[in-house]
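To start, the structure itself, in structure tokens.
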Amino acid sequence: MTEKLGELYELTFDEEQIIRLDSWLSTKLSLSRSHIKKLIEQDHILVNGVTQKAGYRLQMADKISAIVPKKNLYELEPQNIPIDIVFEDEELAIVNKPKGLVVHPGPGNCKGTLVNALLFHLDNLSSEGEAYRPGIVHRLDKDTSGLMVIAKTNETYRYLTGQFKLRLIHRHYVALVHGAMVEDEGIIEQPIGRHVKDRKKMAIINDGRWAKTEYQVQEKFNKYSLILCKLVTGRMHQIRVHFASIHHPLVGDEIYGFRRNNLGAKSQLLHSCYLAFNHPLGGFVEFISDPDFRFMQIVQKARLIV
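Counting in our numbering, the sequence shown runs from 718 upward without gaps.
Right, dumping it as structure tokens:
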């Protein structure tokens, strides 16, 4: 397993002064602190067998193990995977990602991703950003469906990432949540960061990054609610974490909600239904996508439950 992922380093901290984990490893491995931070977030670095934050203060005799992926870990192969290209011009493309499709390669998912499909279907993709995710300026979870914008040129990649940072790209999602919401609309504003114990999960934590979600109830059923969500920020798992925090987790979300549901949903009911922004060549563009048949079939079941 280690040989496939990359080179394994096993180190022992034996210095008297207190040093941050990322700073010390940056020197030892001759890697940038940002690179070290990404490895930590990907669970490639452990201290005494457990994950720690980049700012963890190393103590005498701490055991550090680090796997540094090989540069050729992600061999990007074009694959003829059917995808719905909603719009395309020389600068960008809008795709309607299906549920179950991983956006970009990673350990365990080197093929069969949206990136592999884009390499086959599009004539060009931006080469800026990380090498294993050409053209990708934002992402959707594997089991979240809907609209994504793809950068075809480096100039457009820089433009779109800038628009995301300035929060000028409008993103709306439709979600089915547990429980009949009391308020017809509202704002959830809670900081989000990595879960203290499970680094693959996110959580509401005081020192997390500011996160804000606006919502409107589209339909209210006896035991469920159909919600339209507007992302003001775009944190990882934001909608899922925010609605779980107010005791209305998404139907089918086994990570932040309930392991079982009586609607037959096997993953979160979340769909990116609206995407709008100023096109890099000028003019305001907007795109709309309806949830798929399976999503609406489950919504219909929710309507009928008493």
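The beta carbon of each residue, even a glycine, is placed where N, CA and C say it ideally should be.
Where does residue 729 land, buried or exposed, given buried means 16+ other C-beta within 10 angstroms?
Around the beta carbon of residue 729, a 10 Å sphere encloses fewer than 16 other beta carbons of the protein chains shown; the residue is thus reported as exposed.
Below 8 Å, how does it come out for the region 984-1002 and the region 920-940: are there three or more Cβ pairs, yes or no?
No, because fewer than three Cβ pairs between the region 984-1002 and the region 920-940 fall closer than 8 Å, the two stretches do not touch.
Considering Cα atoms alone, identify which of 862, 855 and 989 is closest to residue 874.
Residue nearest to residue 874 within the set 862, 855 and 989 is 855 (criterion: CA-CA distance).
Expressed to the nearest angstrom, what Euclidean distance is found between the alpha-carbon atoms of residue 998 and residue 741?
Roughly 45 Å separates the two Cα atoms.
Reduced DSSP secondary structure (H/G/I, E/B, other) of residue 748
Coil, per DSSP.
Would DSSP call residue 876 helix, strand or coil?
DSSP places residue 876 in the helix class (H, G or I) of the three-state scheme.
Which one or two residues does DSSP pair with residue 807 in a beta bridge?
DSSP lists no beta-bridge partner residue for residue 807.
Can you round the beta-carbon distance between residue 814 and residue 843 to whole angstroms, since I take them to be within the 8 Å contact cut?
Taking a contact as a CB-CB distance under 8 Å, the pair residue 814 and residue 843 does not count as one, their CB atoms being some 18 Å apart.
Below 8 Å on the Cβ atoms is my contact criterion, and I expect residue 939 with residue 820 to pass it. Report the Cβ-Cβ distance as a whole number of Å.
Not quite, the Cβ-Cβ distance comes to about 35 Å (not below 8 Å), so this is no contact.
Closest residue to residue 761 among 743, 784, 969 and 995 (Cα-Cα distance):
When the alpha-carbon of residue 761 is set against those of 743, 784, 969 and 995, the nearest one is in 784.
If you draw a straight line from the C-alpha of residue 876 to the C-alpha of residue 807, how long is it?
Near 14 Å, if we compare the C-alpha coordinates of residue 807 and residue 876.
Using the Cα positions of residue 958 and residue 750, report the straight-line distance between them to the nearest angstrom.
Taken atom to atom, the span from the alpha-carbon of residue 958 to that of residue 750 is near 28 Å.
Where does residue 871 fall in DSSP's three states?
If DSSP states are grouped into helix, strand and coil, residue 871 belongs with the helices.
When you measure from the CB of residue 730 to every non-hydrogen atom of the ligand NAD, does any distance come out below 7 Å?
Annotation note on the ligand NAD: not contained in the displayed structure, which lists no ligands.
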